[in-house]
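Under my numbering, read the sequence shown as residues 6 to 350, first letter to last. Ideal Cβ positions, reconstructed from N, Cα and C, are used throughout, including at glycine. A quick note: this is a predicted structure, and the numbers were derived from the prediction, not measured. Structure record follows, encoded as C-alpha cells.
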Amino acid sequence: MSLSQPITKNASLRTRPWMATVLIVVGIFAILFGLGSSIITGVANISFATVWNSIFHYDSSNEHHVIIQTLRMPRALAGALVGAAFAVAGAIMQGVTKNPIADTGLMGINAGAGFVLVLVFAFAPGLPFESIILYSFIGAGLGVGLVYGLAYFSKNGLTPLRLALAGAVVSSILSGISQAISLLFQINYDLAFWSAGGISTAEWFQVSVMMPWIVGGIVVAMILSRSITILSLGEEIAAGLGQKTRLVKGVAAVVVMVLAGASVSTVGGVGFVGLVVPHIVRFLVGVDYRWIIPCSAVMGGVLVVFADIGAKMIAMPYETPLGAIIAVIGVPFFLYLARKERREW
6 MSLSQPITKN ASLRTRPWMA TVLIVVGIFA ILFGLGSSII TGVANISFAT VWNSIFHYDS
66 SNEHHVIIQT LRMPRALAGA LVGAAFAVAG AIMQGVTKNP IADTGLMGIN AGAGFVLVLV
126 FAFAPGLPFE SIILYSFIGA GLGVGLVYGL AYFSKNGLTP LRLALAGAVV SSILSGISQA
186 ISLLFQINYD LAFWSAGGIS TAEWFQVSVM MPWIVGGIVV AMILSRSITI LSLGEEIAAG
246 LGQKTRLVKG VAAVVVMVLA GASVSTVGGV GFVGLVVPHI VRFLVGVDYR WIIPCSAVMG
306 GVLVVFADIG AKMIAMPYET PLGAIIAVIG VPFFLYLARK ERREW
C-alpha cells in the first residue's frame with residue numbers, strides 16, 4: 006500500500022462528488038440565465054425577442070441591436086470570465102498557502118496589477134490592449150513579490166496573519182500611489198470607475214484577448230488540482246508523497262498572476278470573489294480541489310454576473326461600481342473568517 010492511499014481515502018470521505026455535479030449543472034444554468042438577464046437589463050428597455058433577433062438576425066440600423074451586440078453582450082461575458090478567474094485564483098491561493106483568507110484583492114495582487122496599469126495609462130496611453138494585459142501580469146507579479154517579501158522578513162515569517170497584514174499594507178500603498186498618479190495626470194472618469202471595479206466599458210476585443218488567458222489558466226489549474234489537494238494537507242506530507250512542492254507552487258503562482266492580471270486589466274480592482282466563492286464551494290463539495298476548482302469557476306461567474314446586474318439596477322440610470330456590490334458580501338465574510346481563525350494565528 007502506498008502512502009497516497011490513506012490520504013486519498015481520508016480526503017474522499019470529505020468530498021461529495023454528487024453535490025459538486027449538482028453545483029456545476031445548476032451553476033451553468035444560472036450563468037446562462039444571468040447572461041440573458043444582464044443583456045436585457047439596462048437603461049434602454051429591451052425585450053428578450055429583440056435580444057434573440059439581434060443574435061440571429063442582426064440589423065446594424067437597429068439601435069437596440071447595436072446596444073446588445075457592442076455593449077451588453079461583451080459586458081455580460083466579461084463578467085462571467087473574470088468571476089471564474091478571480092474565484093479559481095483564490096481557491097489556488099488558499100490551497101497552496103493554507104491561508105483561509107487568501108484572495109487576489111486582499112493579498113495585494115489586484116493592487117499591483119492596477120498600479121502598473123495606471124502607470125501605463127499615464128505614460129503610454131496609446132498602447133493596445135494586447136500589451137496592456139501583459140503589463141497587468143507584471144503588476145500582479147509585483148504585488149505578489151512585495152507581499153511575500155514583506156511578510157517573509159517580518160519577525161514571525163509567512164503566517165496567515167502576516168500575509169494578510171502585508172497584503173493590506175501593500176494594497177494601501179499601491180492604491181494610494183495609483184490615485185495620486187491619476188490626479189496628477191488627470192486621467193479620466195473611466196479609469197476612476199475602473200479602479201473601483203466595473204465592467205461597463207468591456208468590449209469584444211478585450212474579451213477576445215483575455216479569454217484565452219483565463220481559459221488556459223483554469224485548464225492548467227484543473228491539471229494541478231490533484232497536486233494542490235495533496236499540498237493543502239501540508240508541505241511535509243506532500244513532499245513525503247513525492248510531490249515536487251516548489252514546482253507546484255511556482256506553476257500555481259504563475260496561474261494566479263495570469264488569472265488575476267487578465268481580470269484586473271478588464272474590470273479593475275474587484276476583490277473578495279476569490280475569498281467568498283472557494284469557501285462556500287469547499288463547504289458544499291469537500292476538500293478535493295479536482296472538484297473545488299471547476300465548481301469555483303462556475304460559481305464565481307454566477308456571482309459576478311448577478312452582481313453586475315445589481316450594479317446596473319441599484320442607482321439606474323447611473324452605474325454602481327461592481328467592486329462595491331461584491332464588497333457588501335465580502336467584507337462581513339472576511340470578518341467572520343478572521344474571527345474564526347484568530348486563535349490559530
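Within a Cβ cutoff of 7 Å, which residues of the same chain sit near residue i, ignoring the five residues on either side of it in sequence?
i: Q10; result: Because Q10 carries a pLDDT of 37, less than 50, the predicted location of this residue cannot be relied on, and no value is offered for it.
i: A25; result: V290, W296, C300
i: S7; result: Legend: pLDDT at S7 = 36, less than 50; position of this residue unreliable, value from coordinates given subsequently. Answer for S7: no residue qualifies.
i: S78; result: It should be pointed out that residue 78 corresponds to Met in this sequence rather than to Ser. Cβ within range, chain order: I44.
i: T250; result: L236, E240, A243, A244
i: I33; result: V303
i: Y140; result: V121, L122, V125
i: K254; result: V101
i: A129; result: none
i: Q74; result: S59, Y63
i: W23; result: none
Please state whether the Cβ-Cβ distance between residue i and residue j is less than 8 Å.
i: A85; j: G306; result: yes
i: M304; j: A92; result: yes
i: L122; j: I204; result: no
i: V48; j: T271; result: no
i: V214; j: F134; result: yes
i: V260; j: V282; result: no
i: F277; j: G335; result: yes
i: L342; j: P105; result: yes
i: L280; j: L111; result: yes
i: V310; j: I36; result: yes
With respect to the alpha helix (DSSP H) encompassing residue i, which residues constitute its N-terminal and C-terminal limits?
i: F120; result: 114 to 128
i: Y157; result: 134 to 157
i: D64; result: Where D64 is concerned, there is no enclosing alpha helix (DSSP H), given that its DSSP letter is neither H nor E.
i: I73; result: Premise fails: I73 is in no alpha helix (DSSP H) and is neither H nor E.
i: S232; result: 209 to 237
i: T26; result: 22 to 45
With a threshold of 6 Å on Cβ separation, who are the neighbours of residue i within its own chain once the five nearest residues in sequence on each side are excluded?
i: Y294; result: G100, S230, I233, T234
i: A145; result: I114, G117, A118, M262, A265, G266
i: W209; result: P79
Using C-beta distances below 8 Å, list every residue in its chain close to residue i, excluding the 5 sequence neighbours before and after it, in chain order.
i: I314; result: G39, S42, S43, T46
i: H69; result: A49, I51, T55, S59
i: V256; result: V225, L229
Does the structure place the segment 52 to 65 close enough to the segment 26 to 34 that three or more beta carbon pairs sit under 8 Å?
no
Should the segment 92 to 109 be regarded as contacting the segment 290 to 303, the criterion being three or more beta carbon pairs within less than 8 Å?
yes
Can we say the segment 263 to 271 touches the segment 142 to 160, given the rule of at least three CB pairs closer than 8 Å?
yes
For the 8 Å Cβ check, are there 3 or more pairs between the segment 165 to 174 and the segment 111 to 126?
yes
Contact between the segment 101 to 115 and the segment 228 to 248 is defined here as three or more beta-carbon pairs at a separation below 8 Å; is this criterion met?
Between the segment 101 to 115 and the segment 228 to 248 there are three or more inter-stretch CB-CB distances shorter than 8 Å, so the stretches are counted as touching.
List, from N- to C-terminal side, the alpha helix (DSSP H) runs of 4 residues or more that fit wholly inside the segment 241 to 306.
250 to 272, 278 to 290
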